[in-house]
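2 protein chains.
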Amino acid sequence: METKERILQKSLELFNIYGSDNVTVRQIAKELNMSHGNLCYHYASTDDIVQALYMLLVADLDALILRGKKATDISLESVILMSKMSFEKLYEYRFILLDFVHIMRRIPSIKAHYRQLTVMRQLQFQFIVSELVRKGIFKQPIIENQYSHWIQSTIFFGDFWLSSAEILYQGKEQDKVKTYHNFFIHLTVPYLTEQGLREIQAFL
Amino acid sequence: METKERILQKSLELFNIYGSDNVTVRQIAKELNMSHGNLCYHYASTDDIVQALYMLLVADLDALILRGKKATDISLESVILMSKMSFEKLYEYRFILLDFVHIMRRIPSIKAHYRQLTVMRQLQFQFIVSELVRKGIFKQPIIENQYSHWIQSTIFFGDFWLSSAEILYQGKEQDKVKTYHNFFIHLTVPYLTEQGLREIQAFL
DNA sequence: TATAATTTAGAACAAATGTACTAATATTGT
DNA sequence: ACAATATTAGTACATTTGTTCTAAATTATA
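Residue numbers (the numbering used here), protein chains in the order written: chain A, 1315 to 1518; chain B, 1315 to 1518.
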């Protein structure tokens, strides 16, 4: 048990630095001062490690969303808080999002799982948005399906902000999450009512 | 000359199918019925081919933008048309965007070039947006820097819609570009004035 | 035509990597 | 304590891939 955790931890570290494609079983083993034969006894390949780490990420994100649900009242503040924590979690497992397409291509089971997950998230977001519209924080939609498009773009941003940052971001590393989360909040501005605008000022 | 073009063409084909990381010099050579020794005579490595293809993409996109500038009047229609053509061009070279982070990490010269390009694009977009605001198609900004955020998210979408589609899109392949471009147009809706909304109806 | 330059095929080599196997060691349960 | 199981180190092998080299063939040019 202990060993498996150590492997996952070190792998995450190396994947985040070099990308999951550029790390080999031998490298990980070396860093852990163990033989690669031994490492392969626990995880046959790096793909197996990637899969295990992906599952950890998903579990952590699920826990976040569950906790969000317990707070029965959906507010702008709670949504912003939850998204912030999600961003931080994604940053922790950033190699997954930086190698998103590659990983999905390599490991079909992850792709299938992720597609399922996206469907779920869309439903959850739809509920959140409808609540915020009802409470007069988000505007009534101007055209049909407007918010379903916005939800998709929200998920889209969540999936790829790290990739964009990898290429374009030039600030301090420790400000990265905050910067992009702030960016994320800005995207909601045109959808807000007067009241929503007043409320969001505190977070900009 | 002829041979180099054939290599680029076939490489683009293979890269788009398998991803630039999963294609070797030997594979490309085999598909072209030539020895890999010969291929390496023209392009020492796949990275050189990637770089050449990237330059072709950039040149094509530049040509698009230049043509757009000749039509002195910036309208919603001309902007939508230009973005549509850009989307189609990106689809043509889709491997670059599907392997975006990887390529940028592997080939620093491309990363540097792309960063430069993004700065340019931001300026161009800023001009376009200010024109559309002036013409009463886009709303006056509600809060400071609102449009600079929107411009960033536009570029962001341009860079990663193909990656998102690779994972989530389930429709017909030949409708992909149209679907995502339509998605792109939807993102502008909350920024449009009454007039802008009337004009955009034709494109939805 | 003759010479030089370019292009091509193919072989050879080294490094990296996944995979499998063996034997030794440690741990656990009875 | 002893047998069974789990864990670990290390070796060996096949494959892939980038890279380099040589010699033959083709093309260009004077």
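Built from N, CA and C at the ideal position, the CB exists for glycine as well.
Note to self: Run through chain A and tell me which residues come within less than 7 Å of Gln1460/B, C-beta to C-beta.
What the structure shows: Val1503
Next item on the list: Measure the beta-carbon distance from Lys1402/A to Val1491/A and round it to whole angstroms, keeping in mind my assumption that it falls under 8 Å.
Entry: Checking the displayed sequence, the identity of residue 1402/A turns out to be Glu instead of Lys. With a Cβ gap of about 6 Å, Glu1402/A and Val1491/A count as contacting.
Note to self: I need the boundaries of the alpha helix (DSSP H) containing Glu1402/A, first residue and last residue.
What the structure shows: For Glu1402/A, the uninterrupted alpha helix (DSSP H) run begins and ends at 1390-1406, by DSSP.
Next item on the list: Determine contact between the region 1397-1412 of chain A and the region 1435-1450 of chain A, defined as no fewer than three beta-carbon pairs at a distance below 8 Å.
Entry: No contact exists between the region 1397-1412 of chain A and the region 1435-1450 of chain A.
Checklist line | Gly1351/B burial status per 10 Å Cβ neighbour count (16 or more: buried) | finding: exposed
Next item on the list: Anything in chain A within Cβ reach of Tyr1482/B, meaning under 8 Å, just list it in chain order.
Entry: Here residue 1482/B turns out to be Leu, not Tyr, going by the sequence shown. Within chain A, the residues near Leu1482/B are Arg1429, Thr1432.
Next item on the list: Can you grab the Cα-Cα spacing for the pair Thr1493/B / Gly1472/B, in whole Å?
Entry: 13 Å
Next item on the list: Just the C-alpha distance for Val1503/B and Ile1465/A, rounded to the nearest angstrom, thanks.
Entry: 14 Å
Notebook entry, point to check: With 16 other CB atoms within 10 Å as the buried threshold, where does Ser1349/A fall?
Noted result: exposed
Notebook entry, point to check: Would Lys1486/A be called buried (16 or more neighbouring beta carbons within 10 Å of its own) or exposed?
Noted result: By the neighbour-count rule (16 or more Cβ atoms within 10 Å), Lys1486/A is not buried but exposed.
Check: Can you tell which of Ile1321/A, Asp1361/A, Ala1377/A has the C-alpha that lies nearest to the C-alpha of Asn1336/A?
Finding: Asp1361/A
Item checked: Limits of the unbroken alpha helix (DSSP H) element including Asp1387/A -> Note, Asp1387/A: premise wrong, no alpha helix (DSSP H); not H, not E.
Note to self: Residues of the region 1409-1423 of chain B in Cβ contact with chain A at a cutoff of 8 Å, in chain order, please.
What the structure shows: Leu1412, Asp1413, Phe1414, Val1415, His1416, Met1418, Arg1419
Next item on the list: Give a single yes or no on whether Phe1441/B has its beta carbon closer than 6 Å to a heavy atom of the ligand ATP.
Entry: Judged by which ligands are present, the structure shown has none, so any question about the ligand ATP falls away.
Next item on the list: Pull out every residue of the region 1328-1340 of chain A whose Cβ sits closer than 8 Å to any Cβ of chain B, in chain order.
Entry: Those residues of the region 1328-1340 of chain A that come within reach of chain B (Cβ to Cβ, closer than 8 Å) are Gly1333, Asp1335.
Next item on the list: Return the residue from the list Gln1341/B, Phe1498/B, Lys1453/B that minimises the CA-CA distance to Thr1507/B.
Entry: Lys1453/B
Notebook entry, point to check: Given a threshold of 16 other Cβ atoms within 10 Å of its Cβ, counted over all protein chains shown, does Tyr1428/A qualify as buried or as exposed?
Noted result: If you draw a 10 Å sphere on the C-beta of Tyr1428/A, you find 16 or more other C-beta atoms in it, and that means buried.
Item checked: Proximal residues to Val1364/A (C-beta, below 7 Å), its chain only, five neighbours per side dropped -> Same-chain partners within the cutoff: Ser1334, Ile1417, Ile1421.
Item checked: Contacting residues, own chain, Cβ-Cβ under 6 Å from Lys1398/B (five flanking each side not counted) -> His1495
Note to self: Against Ser1467/A, what residues of chain B qualify as contacts under a CB-to-CB distance less than 7 Å, listed in chain order?
What the structure shows: Leu1501
Notebook entry, point to check: Considering Ala1343/B, what are the terminal residues of the alpha helix (DSSP H) in which it resides?
Noted result: 1339-1345
Checklist line | N- and C-terminal bounds of the alpha helix (DSSP H) containing Lys1449/A | finding: Here Lys1449/A belongs to no alpha helix (DSSP H), and DSSP marks it neither H nor E.
Check: If we ignore side chains and look at the alpha-carbon of each, how far apart do His1356/A and Lys1318/A end up?
Finding: His1356/A and Lys1318/A have their C-alpha atoms spaced approximately 7 Å apart.
Margin query: Using CA atoms only, rank isn't needed, just tell me which of Lys1324/B, Pro1455/B, Leu1326/B, Leu1375/B is closest to Arg1435/B.
Written below: Leu1375/B
Next item on the list: Thinking Tyr1461/A and Val1443/A are a contact (beta carbons under 8 Å), I'd like their distance in whole angstroms, please.
Entry: 5 Å
Next item on the list: Can you have a look at Ile1342/B and say buried or exposed, based on whether 16 or more other CB atoms are within 10 angstroms of its CB?
Entry: buried
Item checked: Residues that Leu1506/A bridges to, as DSSP identifies them -> According to DSSP, Leu1506/A bridges with Phe1452/A.
Margin query: I want to verify the contact list: residues of chain A whose CB lies under 8 Å from the CB of Lys1425/B, in sequence order.
Written below: Ile1481
Margin query: If contacts are defined as beta-carbon pairs under 8 Å, then Leu1367/A and Leu1322/A qualify, I think. What distance do you get, rounded to the angstrom?
Written below: Yes, Leu1367/A and Leu1322/A are in contact; Cβ-Cβ is about 6 Å, under 8 Å.
Item checked: Those runs of the alpha helix (DSSP H) which lie wholly inside the region 1315-1340 of chain B and span at least 4 residues -> Taking only runs of at least 4 residues, the alpha helix (DSSP H) segments lying wholly in the region 1315-1340 of chain B are 1316-1332.
Check: Whole-angstrom Cβ separation of Ile1499/B and Ile1394/B, contact assumed at under 8 Å?
Finding: 6 Å
Checklist line | Residue span of the alpha helix (DSSP H) that contains Tyr1494/A, given as start and end | finding: 1490-1500
Check: At a CB-CB cut-off below 8 Å, which residues of chain A make contact with Phe1497/B?
Finding: Simply His1463, Gln1466, Ser1467.
Notebook entry, point to check: Is Ser1467/B near Val1415/A, with beta carbons less than 7 Å apart?
Noted result: no
Margin query: Can you check whether the C-beta of Ser1389/A is within less than 7 Å of a C-beta belonging to chain B?
Written below: no
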